[in-house]
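**Q** Residue numbers (this note's numbering), protein chains in the order written: chain R, 1 to 521; chain D, 522 to 1016. One structure coming up, written as structure tokens, with questions to follow.
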Amino acid sequence: MRTAATPPEKTSATQEFLDNLRQLPRNLKDAWFRLGRLPESEREESQATFHNLFLHLHSVRVHLRTLEPSLTLGLGLMATFSFLVLVVTGLLLMIYYKPSTALAYQSMKDIHYVVATGRFIRNIHRWAAHIMVIAVFAHMARVFFTASYKKPREFNWLVGLGLLVLTLALSFTGYLLPYDQLAYWATTIGANIANSPRELTDALGITPYFDPGGFQKRLLLGANTVGEDSLIRFYVLHVFILPLLLVILLSVHFWRIRKDGGLARPEDPAGGLAEWGGKLHRVFEPLATKTYGLMAVVRGRRPPVNRGPEGTVMSWPHLLWAELAVLMLTIAVTLALSFYIDAPLKEIANPAVPENPAKAPWYFLGLQELVSYSAFMGGLVIPTIAVIGLALIPFLDRRPGGEGIWFGMPGERDVAWQSLLFGLACTVGLLAFTVNFGWLRNWFPEIHQLWIIAINPGSILVLLFAGWSLWVLKRKDSVRLAAVALFTCFLVGFVVLTYFATVHRGPNWQFYWRPSQWPVH
Amino acid sequence: MKDPSRLYRWMLLLTSLVALGFLLAAAVRENLLAEWQQRQREYRKLLAEKATDTRGRELLRNFRIELRQVSVPALGAVDRCVSCHVGIDDPRMTDVPQPYRLHPVEILEHHPVDRYGCTICHQGQGAATNFHEAKAEDAYWDYPLLPRELTQASCMTCHDANRLPPQDVALVLEGMQLYEQKSCGSCHKLGGRGGALGPALDNEGQKTKHQLVLTNLKPPYTTWRWHQAHFRDPAGIVPGSQMKNPTVTEREALALTAYMLSLRQRDVPESYLAPDKIAQKFRALSPRPLPAEQLYRMYCFACHGDGTYGRWEKTFQRFLPAIRGTLAATATREYLETQIAQGRPGTQMPPWHLQAGGLLPEEITALVDYLRASPAAWTARGSAARSAPVARGDATRGQMLFLRNCAGCHGVAGVGGVAPELANPVFLRAADDSFLATTIRNGRAATAMPAFQRPDGAGLSEAEIADIIAFLRSLAPPSQQTTQAQEKSRAGGSP
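Written out as structure tokens, the structure is:
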């Protein structure tokens, strides 16, 4: 190859080869780090972001509001990073785990006792899973209370809802894999929740002809009871199908953030002064005759530097620092929990010795509490209403305003507080009432099951919440406030029911103040 | 302008340090401070102390600190106990503390560790690598480490207890005798033989604590502690239990517990079974009849005592009849055999035929012989007057007489009260008229049933007795077969 810079004297091919060999380390480094050093100018910083497959998910510049810790609390990132931790530890566990009823439990024991730091890795996997579920729920609440689902982000809200469902499914399918008593009976309870439409079909007497509950259960378990077929099914779902779907949806989720213009924030007034971080800033005024594309920025024709006209800073390094901090925070919390608290592993699964109480994974315990009143209502109708209700939020509340600000609409904070108290009073009150006085079946033992399906603490709770929300809609004349009322109640109900079923439900689903009061059995 | 990512950089530094700290701590804890590693380090010191000859020095030189395990696929065992019990096969390790001590040699001689592992005899969680979880009394594991004195219960997995040196399995043998003496078989089945009131005990040793009622037991919860407490006071451990208190001493309770723990239906490859165990299993397929006295002791005694007195049983809330003496003398052989074979439905008396209680027909015959061979004093009076009334009675008149004379104890319409239920189909089918008549006339000695006809003729007349029998017969429509049998016996009985 000849170029103008090539010196005229001829070097032998051997010499050239040796030279290249000598320069190999440097050239490798250049190929890897194309800039060869940390970026120094904003132009180089934008290239660092833009020329990297993983980093170019970010925009080159990021709004200062996005970097405010109080806006997002890092919850979405935390969920993502715990997923990352789960993938890594999950792969390590996969190397030792054997998905067969005869071997699964023994392989868990080997992971505990023989695999180097196996128990620690399993603990990390377990804790990261809990953190992911919590972070996903909290992230959803954050997005809701900062009104970040509003146009044009409706679609991403739906994608997020899909991610929530996938997260729960991933966690639930992982529950069975150790094949211990906890796994076996929690999965059995989960499968029975899937079976819950049977309560209605049984009450109507049409189960022999139309049995969606039984179908769901068999689809989930691959058999009528938890066993070999269920285990392999859950395994494939857990290690392949669901993570794949989650990665796809997650990519869409991130991509939509970019396409929807970054994290939701209030519109800056064009050409005026805007307030963020307690100070007034001049806002960049675009010229009507000019196009300010991202490519233009990268090519070097860009707005004035070092002034932050739109209140933005470079993503490299600022956003990167923030993300790394959340990553390490997630990891540190997970490690600390895993160091002190072991993931449970009970006796080997024994279909002949039921756990009492047999409890579903904690995030389904709210549902199990409702199922204990009516399987059909608690296991199918109420969750369906909840998911559909959540999905419809951005389509029913379309008036812009308050995006990216916690409780951004006037009166929102008050409504949220009132709804919190209302939801708390309703849920706790109903639970206390039921625990003390029982329900229809205790008062009228002969009553038809259809009555109980229709009237039970779960359905009454839904009616109370809906009524409250409608009242707010009427009184405050604002769809957003009605949505806040409903969502807050839903959240409170979920938390209280989950707490109640986790702590206060003992053997035979009896009420106890503390688990230490449970009778041994 | 304030650096917007300053907070995050500090946070990153802090969290990274925390994460690094925990990673290091975990690495140290898992790789350097594991319990078995510390044990092996101490064991190496012991080896060094004892390395006085060439072989000792060689053992010390070759000693590596590593996880050790015995894998026995045939028994489904991977036992890592040897990771701490490193010295079990080193004959020099007799004067050292556990876990380094030599295992009793005479046992290891016949049960090499690499073929048997540890948990087949000792139970416990073999996979665990720390003592707390290996002992597993307070861990999630179904079969915790057996206490030393109860380990002998495991021998019966592969041996017939009666063929082992008696001093080695003394507890189990004692328990086995107590089981017979205390007549446990009256209510519990074992090997297909026994009563039906309590649960079958064939797999009692494989039960986990979760299958037992632990409410009234104090921790630690183990099956053997449950058994011991339960043998001392069944109803105190299982509220509402009908089990008779076997009234045993602490030592006897322990022996019974050892016997219970030895009852395991565990699938062990045949190559592991001692020949006597195979012979025992084979014998169980075709049982030989036992002597009647032993049978009585094993299967009847708990409820009937020695059978000469009827008594009120509080837990059952009913009278248990005296089955020797008058009854055995008055009733026909068929009646007694039917009662034993079919039991008395609706009462606590179960059927004892081969498919139910597991008694061979010849054993039932032998039992009847045994019952009838009662002291002469009881039999003389009954057998002398054994005859059916001549006349046919009238059921309507009989009903009046029954209400006046019998219903107080036997209940209106014979449904039973403090006295047995007479409307019972098995009873009515098996009892012939002369048995009924004789019993009414003479009563039943040593029970609450009085004589209704005195030797001087006072009391019920023969006709009235016939009326009562006619009424009793109307209570349950007899099957055709019994009707024919009665016709025949009546025809034969009348002169």
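Backbone N, C-alpha and C define an ideal beta-carbon position, used for all residues, glycine too.
#1: Apart from the five residues on each side of it in sequence, which residues of its chain come closer than 6 Å, Cβ to Cβ, to GLY696(D)?
#2: Go to SER592(D), then tell me how far its beta strand (DSSP E) extends in each direction, as first and last residue.
#3: Taking only runs that begin and end inside the stretch 202-270 of chain R, name each unbroken alpha helix (DSSP H) of 4 or more residues, in chain order.
#4: Determine the direct distance from the alpha carbon of ALA322(R) to that of TYR529(D), and round the result to whole angstroms.
#5: Tell me the rounded alpha-carbon separation between ALA987(D) and ASP954(D).
#6: Compile a chain-ordered list of the residues in the stretch 599-632 of chain D whose CB is closer than 9 Å to at least one CB of chain R.
#7: Between ARG684(D) and LYS739(D), what straight-line distance do the alpha-carbon atoms span, to the nearest angstrom?
#8: Beta-carbon separation of THR960(D) and THR851(D) under 8 Å?
#9: For the beta strand (DSSP E) containing THR312(R), list its first residue and its last residue.
#10: Just the chain R side, please: which residues come within less than 7 Å of ARG787(D) by C-beta, in chain order?
#11: Please check the pair PHE543(D) and ALA336(R), which I expect to be a contact at CB under 8 Å, by giving their CB distance rounded to whole angstroms.
#12: For VAL297(R), which three-state DSSP category applies?
#13: State yes or no: is the C-beta of THR167(R) within less than 8 Å of the C-beta of MET132(R)?
#14: Should GLY404(R) and THR146(R) be called a contact, given that it needs their Cβ atoms to be closer than 8 Å?
#15: Taking CB distances under 8 Å as the criterion, tell me whether ILE131(R) reaches chain D.
#16: Starting from the beta carbon of GLU658(D), find every residue of chain R whose beta carbon is closer than 7 Å, and list them in chain order.
#17: Can the beta-carbon of GLY935(D) be found closer than 8 Å to that of LEU996(D)?
#18: Name the residues in the stretch 308-335 of chain R whose C-beta lies less than 9 Å from a C-beta of chain D; which are they?
#19: If you reduce the DSSP assignment to three classes, tell me which class PHE840(D) lands in.
#20: Among the candidates GLN673(D), ALA966(D), GLY761(D), whose CA atom is the shortest distance from the CA of ARG845(D)?
#21: Can you grab the Cα-Cα spacing for the pair MET377(R) / ALA203(R), in whole Å?
#22: Taking only the alpha-carbon atoms, compute the straight-line gap between TRP417(R) and ALA555(D) and give it to the nearest angstrom.
#23: If you draw a straight line from the alpha carbon of ARG576(D) to that of LYS566(D), how long is it in whole angstroms?
#24: Would you check if the stretch 728-742 of chain D and the stretch 704-720 of chain D touch, i.e. whether three or more CB-CB distances between them fall below 8 Å?
#25: Less than 8 Å between the beta carbons of PRO457(R) and THR488(R), yes or no?
#26: Taking PHE407(R) and ARG398(R) to be in contact with their CB atoms under 8 Å, please state how far apart those CB atoms are, rounded to whole angstroms.
#27: When the Cβ atoms of the stretch 112-129 of chain R are set against those of the stretch 225-244 of chain R, are three or more pairs found closer than 8 Å?
#28: Just the C-alpha distance for GLY919(D) and LEU841(D), rounded to the nearest angstrom, thanks.
#29: Using a Cβ-Cβ distance under 8 Å, would PRO515(R) count as near chain D?
#30: With the cut-off set at 8 Å, would you say GLY828(D) and ALA813(D) are in Cβ contact?
#31: Kindly list, in the order they appear in chain D, the residues whose Cβ is closer than 8 Å to that of GLU347(R).
#32: Could you check whether the Cβ of SER526(D) sits closer than 8 Å to any Cβ belonging to chain R?
#33: Would you say SER904(D) lies against chain R (beta-carbon separation less than 8 Å)?
#34: Could you say if the stretch 182-196 of chain R and the stretch 243-261 of chain R meet the contact criterion of at least three C-beta pairs nearer than 8 Å?
#35: Please tell me whether ASP342(R) has its Cβ less than 8 Å away from any Cβ of chain D.
#36: The beta strand (DSSP E) spanning ARG61(R) covers which residue range?
**A** This is what the structure gives:
#1: Counted from its first residue, the second sequence places residue 696(D) at position 175. Correct list, in chain order: ALA776, LEU777, ALA779, TYR780.
#2: Position 71 of the second sequence, counted from the start, is the residue given in the question as residue 592(D). That run of the beta strand (DSSP E) goes 591-593.
#3: 212-221, 228-236, 242-259
#4: As a working mapping, residue 529(D) is identified with position 8 in the second sequence. As a working mapping, residue 322(R) is identified with position 322 in the first sequence. Going by the C-alpha atoms only, they are around 5 Å apart.
#5: Start at 1 with the first residue of the second sequence, and residue 987(D) comes out as number 466. Start at 1 with the first residue of the second sequence, and residue 954(D) comes out as number 433. Rounded to the nearest angstrom, the two C-alpha atoms are 9 Å apart.
#6: VAL599, ARG601
#7: Start at 1 with the first residue of the second sequence, and residue 684(D) comes out as number 163. Start at 1 with the first residue of the second sequence, and residue 739(D) comes out as number 218. Straight-line Cα distance between these residues: approximately 37 Å.
#8: The residue you call residue 960(D) lines up with position 439 of the second sequence. The residue you call residue 851(D) lines up with position 330 of the second sequence. The Cβ atoms of THR960(D) and THR851(D) sit closer than 8 Å to each other.
#9: Reading the first sequence from its first residue, position 312 is the one you call residue 312(R). Segment 312-314, the beta strand (DSSP E) holding THR312(R).
#10: Locating residue 787(D) in the second sequence gives position 266, counting from the first residue. Neighbours of ARG787(D) on chain R: none; closest Cβ ~15 Å, over 7 Å.
#11: As a working mapping, residue 543(D) is identified with position 22 in the second sequence. As a working mapping, residue 336(R) is identified with position 336 in the first sequence. Their Cβ separation, rounded to whole angstroms, is 6 Å, which keeps PHE543(D) and ALA336(R) in contact under 8 Å.
#12: Position 297 of the first sequence, counting from 1, holds the residue named residue 297(R). Unreliable placement is indicated for VAL297(R), whose pLDDT of 42 sits below 50; the coordinate value is still reported in the next sentence. Note: VAL297(R) maps to helix in three-state DSSP.
#13: The residue given as residue 167(R) occupies position 167 in the first sequence. The residue given as residue 132(R) occupies position 132 in the first sequence. Yes, the pair counts as a contact, with Cβ atoms nearer than the cut-off.
#14: By 1-based counting over the first sequence, the position of residue 404(R) is 404. By 1-based counting over the first sequence, the position of residue 146(R) is 146. Yes. Within cutoff.
#15: Translated into the one-based positions of the first sequence, residue 131(R) becomes position 131. At a cut-off of 8 Å between C-beta atoms, ILE131(R) does not count as an interface residue with respect to chain D.
#16: Taking the second sequence and counting its residues from 1, one reaches residue 658(D) at position 137. Going along chain R, no residue has its Cβ under 7 Å from GLU658(D), so there is no contact; the nearest lies around 13 Å.
#17: For the purposes of this step, residue 935(D) is taken as the residue at position 414 of the second sequence. For the purposes of this step, residue 996(D) is taken as the residue at position 475 of the second sequence. The answer is yes: Cβ separation under 8 Å.
#18: GLY308, VAL313, PRO317, HIS318, LEU319, LEU320, TRP321, ALA322, GLU323, LEU324, ALA325, VAL326, LEU327, MET328, LEU329, THR330, ILE331, ALA332, VAL333, THR334, LEU335
#19: On the second sequence, residue 840(D) is found 319 positions in, with the first residue counted as 1. The answer is strand: DSSP assigns PHE840(D) an E or B state.
#20: By 1-based counting over the second sequence, the position of residue 845(D) is 324. Closest option to ARG845(D), Cα to Cα, is ALA966(D).
#21: Looking up residue 377(R) in the first sequence gives position 377. Looking up residue 203(R) in the first sequence gives position 203. MET377(R) and ALA203(R): Cα-Cα distance of roughly 13 Å.
#22: Counting from 1 along the first sequence, the entry for residue 417(R) is found at position 417. Counting from 1 along the second sequence, the entry for residue 555(D) is found at position 34. When rounded, the distance between both Cα atoms is 51 Å.
#23: Here residue 576(D) is taken as the residue at index 55 of the second sequence, counted from 1. Here residue 566(D) is taken as the residue at index 45 of the second sequence, counted from 1. Cα to Cα, the separation comes out at about 16 Å.
#24: no
#25: In the first sequence, the residue the question calls residue 457(R) occupies position 457. In the first sequence, the residue the question calls residue 488(R) occupies position 488. Their beta carbons are not under 8 Å apart, which means PRO457(R) does not touch THR488(R) by this criterion.
#26: For the purposes of this step, residue 407(R) is taken as the residue at position 407 of the first sequence. For the purposes of this step, residue 398(R) is taken as the residue at position 398 of the first sequence. Their Cβ separation, rounded to whole angstroms, is 19 Å, which puts PHE407(R) and ARG398(R) out of contact at 8 Å.
#27: no
#28: Translated into positions along the second sequence, residue 919(D) becomes position 398. Translated into positions along the second sequence, residue 841(D) becomes position 320. The straight-line gap from Cα to Cα measures roughly 26 Å.
#29: Locating residue 515(R) in the first sequence gives position 515, counting from the first residue. No, because no Cβ of chain D sits closer than 8 Å to the Cβ of PRO515(R).
#30: The residue labelled residue 828(D) in the question sits at position 307 within the second sequence. The residue labelled residue 813(D) in the question sits at position 292 within the second sequence. No, Cβ-Cβ distance for GLY828(D) and ALA813(D) is not below 8 Å.
#31: The residue labelled residue 347(R) in the question sits at position 347 within the first sequence. Simply TYR661, TRP662, ASP663, THR729, HIS731.
#32: Numbered from 1 along the second sequence, position 5 holds the residue referred to as residue 526(D). By this cut-off, SER526(D) is an interface position.
#33: Counted from its first residue, the second sequence places residue 904(D) at position 383. Residue placement at SER904(D) is flagged as unreliable, the pLDDT there being 48, under the threshold of 50; the coordinate-derived value follows with that caveat. No, SER904(D) lies away from the interface with chain R (no Cβ there is under 8 Å from its Cβ).
#34: no
#35: Locating residue 342(R) in the first sequence gives position 342, counting from the first residue. Closer than 8 Å: no.
#36: Working through the first sequence from its first residue, we reach residue 61(R) at position 61. Looking at the DSSP string, the run of the beta strand (DSSP E) that includes ARG61(R) is 61-63.
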